[in-house]
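A.B. asks: Quick note, the sequence shown lines up with residues 464 to 719 if you use this note's numbering.
All C-beta atoms, glycine included, are put in the ideal place defined by N, C-alpha and C.
What you are looking at is a predicted structure, and each value in this text was computed from that prediction instead of being measured.
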Amino acid sequence: MAATYSNIMNHKKTLKFENNDIETSNDAMDLITGLLEESCHRLNHSKLVQHKFFLLINFNNMASVKPPFVPVVNGVDDTSNFEEFEIERRGPNVDAFRTRQEFSGRNLPFLGYTFTRKELESESSDGKTAIFSTTVNESVMCEPSELEAQLKAKKKENHELKLRLETLENDSDRPLLKKLKEAESRIEFSEKDRKRLEEDLASREKSLLVFKKEMAAERVERSKTEAKTLEFLRDIKKKWKTEEAQRLKEVQQKVQ
């Protein structure tokens with residue numbers, strides 16, 4: 464167990480992908496390597512679900528999909544799905560009797576590292592069969608070229624379905640789109656008319672303000688002119704009365 468733990472901690476040096484029975488794909492190796500990276504470079508949730516290794520897996524309905532392998536478990540203590548280790552029989556050790564004996568888990572198997580995937584077999588006792596997903600099993604066993612062909616076919620099928628869906632949506636929504644365009648045209652025309660009226664109103668308000676200022680200035684100027692005219696008339700009247708009185712006095716003196 465210590466050696467296995469040490470290999471995991473030093474995975475950058477000890478990790479090797481050996482091709483024994485089943486060839487490891489490049490996507491699988493990239494996924495494993497990405498999960499073992501440092502925290503700053505490790506695959507996060509979004510990158511993990513979008514990884515090429517899970518291309519044919521839909522994570523949205525995973526809870527309702529049957530798993531590719533269902534192990535038979537007869538109880539909470541059932542370890543039949545793991546390898547059994549034979550206890551090594553050792554001779555008596557004199558030094559062991561000289562030291563204090565304490566509990567040690569050195570000889571206990573660590574189940575996390577000993578799980579083995581059983582091949583497809585039938586259970587004669589209860590008639591149940593270990594279930595493998597045909598799609599996943601075939602995709603694992605196929606050659607990379609076959610996987611690429613299946614992937615291209617799936618992508619082409621998805622693209623055709625999207626085009627058909629868009630065509631159906633366009634056919635059903637064409638009247639609505641026509642009405643929408645007409646409404647948008649009316650709104651655009653109304654908006655232009657509103658802007659024109661607002662500009663005309665602003666121009667008229669500006670002209671009215673200028674006219675009011677001119678009227679006020681003209682009123683002040685006319686008041687000044689009227690005042691000057693009245694004063695001039697008073698002066699003329701006063702001068703005429705003075706001259707008239709002088710002529711009358713002269714006439715009276717001549718008569719006497």
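1) Give the range of the alpha helix (DSSP H) segment to which V512 is assigned.
2) Look at the Cβ atom of K515, then the Cβ atom of D490, and state whether they are nearer than 8 Å.
3) Are the beta-carbon atoms belonging to L518 and L614 less than 8 Å from one another?
4) Quick check on the DSSP output: the alpha helix (DSSP H) that includes G497 runs from which residue to which?
5) Given this structure, state the Cα-to-Cα distance separating Q716 from M678, to the nearest angstrom.
6) Just verifying my parser: in three-state terms, what is the DSSP assignment at F545?
7) Mapping DSSP to helix, strand and coil, what is N523?
8) Counting C-beta neighbours from all protein chains within 10 Å, is the total for S587 16 or more, i.e. buried, or is it exposed?
9) Would you say L478 and L499 are within 8 Å of each other, going by their C-beta atoms?
10) Within its chain, find whatever has a CB closer than 6 Å to the CB of F674; leave out the 5 residues flanking it on each side and keep chain order.
11) Can you give the Cα-Cα distance for D493 and L640, rounded to whole angstroms?
12) Leaving out the 5 sequence neighbours to the left and right, which residues in its chain are closer than 8 Å to V512 when beta-carbon positions are compared?
C.D. replies: Per the coordinate set shown:
1) H508 to V512
2) yes
3) yes
4) N489 to L498
5) 57 Å
6) strand
7) helix
8) Because S587 carries a pLDDT of 43, less than 50, the predicted location of this residue cannot be relied on, and the following value inherits that uncertainty. S587 should be labelled exposed.
9) yes
10) none
11) 47 Å
12) F522
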